[in-house]
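Contents: one structure, followed by commentary.
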Amino acid sequence: FLTPVLVSALGRSLFGVWQIVSSLVGYMSAADGRPTEALRLVISSRQASDDVAGHRRAVGSALAVWVLFLPLVIVAGTVVVLLAPTLTKTAPEYAGAVRLTAALLLVAFLLAGLSAVPEAVLRGMNLGYKRMGLQASLSIVGGALMALAVMRGFGLPGLAMAEVVMLGLTAICFWVLARRYVPWFAVRRPSRPEIRSLLTMSVWLAGGELVAKLSVASDVIILGAIVSSAVVTTYVLTGYAARLVLGLHFLTVGSAMPGLGAVIGERHLGRARDLRAELLALTWLFTTATGATILAWNRSFVTLWIGPQNYAGYWVNLLVVLATLQTALVRSDAYVLDAALQPRPRVVVSVVAAVLIVGCSLALTPALGMIGVCVGLLIGRAAQSVSYPALASAALGGPRRPVSSRIARPAIITVILFWVGGALGERALAPSWFAFAPLVLVTFTVFLACALLAGLSTDVRRRVIARGNAVLQGLRRG
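Numbering (the working numbering) for the sequence shown: 3 to 480.
Put into structure tokens, the structure is as follows:
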């Protein structure tokens with residue numbers, strides 16, 4: 003609902019600028035040291051512990067690390083503010099507004115860091131669902147503020163100010179939630195060894211976050227710097243459905259990680275290997291079915307939503323969907339490595355991947371545009387696709403080499419379903435939203451059934467169905 007309002011009010015060029023500046027500020031998530039992510043992993047591995055004082059010192063350690071990294075955040079933010087007009091190719095008359103937008107987003111980033119502390123505790127204690135209703139309500143409030151800002155003519159700074167207000171409210175509400183649902187939640191002064199331990203993990207996680215941003219968000223910045231912000235708008239809008247799928251996957255898998263972290267922390271490695279196998283099977287099943295559906299109906303979606311001029315074409319659509327599938331599988335094993343408190347090997351591989359992604363994208367984008375960026379993502383992330391499964395399996399006491407027969411069957415089914423979805427998408431165009439919704443639902447159901455029956459072995463299929471039934475029963479009881 004919000005995106006068409008923003009595109010209409012700002013125009014294609016300024017909407018692209020907003021996307022680029024948001025990505026630039028997002029890079030600073032590595033500059034804060036990622037102490038809250040380390041806190042979440044530590045708390046999840048200690049769920050069964052009754053050491054209340056130790057939990058509180060962990061919270062204190064996270065805050066101490068956040069304060070230590072604060073000067074670096076300020077320096078990085080200042081650089082982003084100064085360079086934002088240049089990197090976005092903004093006209094001189096908009097340079098001041100773009101710098102003000104970046105500065106306000108820096109403030110929002112600092113507020114997000116404060117809200118992340120209680121959120122990390124809730125997620126680490128497997129209570130993340132307690133924040134869902136509140137977070138959804140705050141998102142609606144933030145969206146309404148953003149729409150009001152652009153409709154009243156406040157432009158990019160108005161959008162950024164809406165982010166500041168929303169994240170300020172989020173920080174306050176999350177601290178209240180944590181105090182309510184986690185009896186031990188408080189801050190206690192940590193010892194230096196405890197700070198040092200969390201700092202070490204935070205540094206590796208921060209490095210991983212920076213690399214992840216280079217891998218995931220560099221496409222928007224490279225397109226804006228080499229081509230134009232208007233092309234960024236076309237690229238972002240075409241990839242919106244795929245990013246939504248990734249967001250749903252990350253939210254679901256991230257919510258499940260505290261449970262896996264507790265299993266690993268108790269050294270039930272056989273059970274952990276079974277859970278990882280289920281996670282990968284569910285990830286492949288979900289992203290294959292949704293990817294084929296996106297190939298079939300994304301042209302219709304973008305046409306009905308924003309207009310046909312914002313659809314980037316078949317090849318960009320296909321490459322974005324392939325990158326979505328690849329990213330979801332890579333992130334699943336990345337989450338496993340973090341749950342096992344082994345971020346270091348993941349980060350080392352990620353550095354190689356980031357260099358390949360940025361290098362290939364810079365080399366290919368001048369000639370191929372959006373297609374060049376997508377190909378660069380696929381080539382660079384291949385290093386993670388090869389290495390992460392071996393690292394995750396070894397972290398759980400399993401073999402480093404995957405069984406090729408387990409990979410071949412799902413891969414063949416993915417190719418077939420993506421070909422069918424792409425062929426359908428080039429030939430069919432939904433005439434209205436009333437036709438679009440049932441067509442998407444029917445298509446997704448058919449693709450999901452085909453992937454489930456043809457792509458998984460009998461044993462894995464049984465386990466996936468059993469897991470799905472367990473989730474549905476839990477929702478009914480809830």
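Positions of the beta carbon are idealized from the N, C-alpha and C atoms, including for glycine.
Please read these numbers as outputs of a predicted model, since none were measured by experiment.
(message) For a cutoff of 7 Å on Cβ pairs, would you count S117 as touching chain D?
(response) Looking for chain D here will not work: only one protein chain is present.
(request) Spatial neighbours of G56 within its chain, please: CB distance less than 8 Å, with the 5 preceding and 5 following residues excluded, ordered by chain position. (result) Result list for G56: R48, in chain order.
(message) Check for me: the alpha helix (DSSP H) holding L108 runs from which residue to which?
(response) From DSSP, the alpha helix (DSSP H) with L108 extends over 97-126.
(message) Quick check: the segment 347-357 against the segment 369-379, are at least 3 beta-carbon pairs closer than 8 Å?
(response) No, the segment 369-379 does not touch the segment 347-357.
(message) Do G98 and L297 count as a contact pair if the criterion is CB distance below 7 Å?
(response) Their beta carbons are not under 7 Å apart, which means L297 does not touch G98 by this criterion.
(message) With the cut-off set at 7 Å, would you say V54 and V123 are in Cβ contact?
(response) Taking 7 Å as the cut-off, the beta carbon of V54 is found no closer than this to the beta carbon of V123.
(request) Have a look at S24 and D461 and give me their C-alpha separation to the nearest angstrom. (result) If you take the alpha carbons of S24 and D461, they lie about 44 Å apart.
(request) Identify whether V152 lies in helix, strand or coil by the three-state DSSP scheme. (result) V152 falls in the helix class under three-state DSSP.
(message) Let me make sure I understand the geometry here. Which of L200, L169, L136, A283 has the alpha-carbon closest to that of L343?
(response) Distances from the CA of L343 to each of L200, L169, L136, A283 were compared; the closest alpha carbon is that of L200.
(message) In this structure, how does DSSP classify I142 when only helix, strand and coil are distinguished?
(response) Under the three-state reduction of DSSP output, I142 falls in the helix class.
(request) Using three-state DSSP, classify Q49 as helix, strand or coil. (result) Coil, per DSSP.
(request) Spatial neighbours of A173 within its chain, please: CB distance less than 7 Å, with the 5 preceding and 5 following residues excluded, ordered by chain position. (result) Same-chain partners within the cutoff: L113, L116, S117.
(request) Could you have a look at T92 and say whether DSSP puts it in helix, strand or coil? (result) In this structure, T92 counts as coil in the three-state DSSP scheme.
(message) Starting from G374, trace the alpha helix (DSSP H) in both directions and tell me its first and last residue.
(response) From DSSP, the alpha helix (DSSP H) with G374 extends over 372-397.
(request) Determine the DSSP secondary structure at W177, reduced to helix, strand or coil. (result) Here DSSP, grouped into helix, strand and coil, assigns W177 to helix.
(request) Return helix, strand or coil for L343, following the three-state DSSP convention. (result) In the structure shown, L343 falls within a coil segment according to DSSP collapsed to helix, strand and coil.
(request) Return the chain-ordered list of same chain residues with a C-beta closer than 8 Å to the C-beta of L339, the five sequence neighbours on each side being excluded. (result) Within the same chain, P345, P347, R348, Y390, L393, A394, A397 come within 8 Å of L339 by CB-CB distance, once the 5 residues on both sides are set aside.
(message) Please state the DSSP three-state secondary structure of A232.
(response) In the structure shown, A232 sits in a helix (DSSP, three-state: H, G or I).
(request) Can you tell me which of the three DSSP states L253 falls into? (result) Looking at L253 - three-state DSSP - the assignment turns out to be helix.
(message) Tell me whether the segment 235-249 and the segment 64-76 touch, counting them as touching only if at least three CB pairs, one residue from each stretch, are closer than 8 Å.
(response) No, the segment 235-249 is not in contact with the segment 64-76.
(message) Quick check on this structure: which residue in V323, I224, I266 has the alpha carbon closest to the alpha carbon of L370?
(response) Cα-wise, what sits closest to L370 is I224.
(message) So, does the segment 158-172 touch the segment 139-149, judging by three or more C-beta pairs under 8 Å?
(response) Taking a cut-off of 8 Å for Cβ pairs, the segment 158-172 and the segment 139-149 touch, as three or more such pairs fall below it.
(message) Here's the rule I'm using: 16 or more other beta-carbon atoms within 10 Å means buried, otherwise exposed. How should N471 be labelled?
(response) So N471 counts as exposed.
(request) Look at the Cβ atom of A149, then the Cβ atom of V61, and state whether they are nearer than 7 Å. (result) No, the Cβ-Cβ distance between A149 and V61 is not below 7 Å.
(message) If you measure between the beta carbons of A64 and L41, is that distance less than 7 Å?
(response) Going by C-beta atoms, A64 is nearer than 7 Å to L41.
(request) In angstroms with no decimal places, state the Cα-to-Cα distance between L321 and G315. (result) Cα atoms of L321 and G315: separation of roughly 10 Å, rounded to the nearest angstrom.
(request) For I467, count neighbouring Cβ atoms within 10 angstroms of its own Cβ and tell me buried if that reaches 16, exposed if not. (result) That one is exposed.
(request) For my contact list, A243 and F303 are in at a C-beta cut-off of 8 Å; report their separation, rounded to the angstrom. (result) Rounded to whole angstroms, the Cβ separation of A243 and F303 is 6 Å, and the two are in contact under 8 Å.
(request) Please state whether DSSP places L129 in a helix, a strand or coil. (result) Residue state, collapsed to three classes: coil.
(request) Please list, in chain order, all residues of the same chain as T103 whose beta carbon is under 6 Å from its beta carbon, the five residues on each side excluded. (result) Answer for T103: V23, L158, P159, A162, listed in chain order.
(message) Assuming L12 and V152 are in contact, meaning their beta carbons sit under 8 Å apart, how far apart are those beta carbons, in whole angstroms?
(response) The pair is a contact, with the Cβ atoms about 6 Å apart (cut-off 8 Å).
(message) For a test of the three-state rule: what should DSSP assign to I409, helix, strand or coil?
(response) Helix, per DSSP.
(request) Rounded to whole angstroms, what's the CA-CA distance from G79 to V229? Just pull it up for me. (result) Here the alpha carbon of G79 sits roughly 25 Å from the alpha carbon of V229.
(request) Please go through the same chain and pick out, in chain order, the residues whose beta-carbon is closer than 7 Å to the beta-carbon of V189, but skip the five residues on each side of it. (result) For V189, where only same-chain residues beyond five positions count, the Cβ hits under 7 Å are R58, V61, G62, L65.
(request) Determine the contact status of V247 and T295, defining contact as a CB-CB distance below 7 Å. (result) Cβ atoms of V247 and T295: not closer than 7 Å.
(request) Grab me the residues of L207's own chain with a C-beta within less than 7 Å of its C-beta, minus the 5 sequence neighbours each way, in chain order. (result) Answer for L207: R36, E39, A40, P345, listed in chain order.
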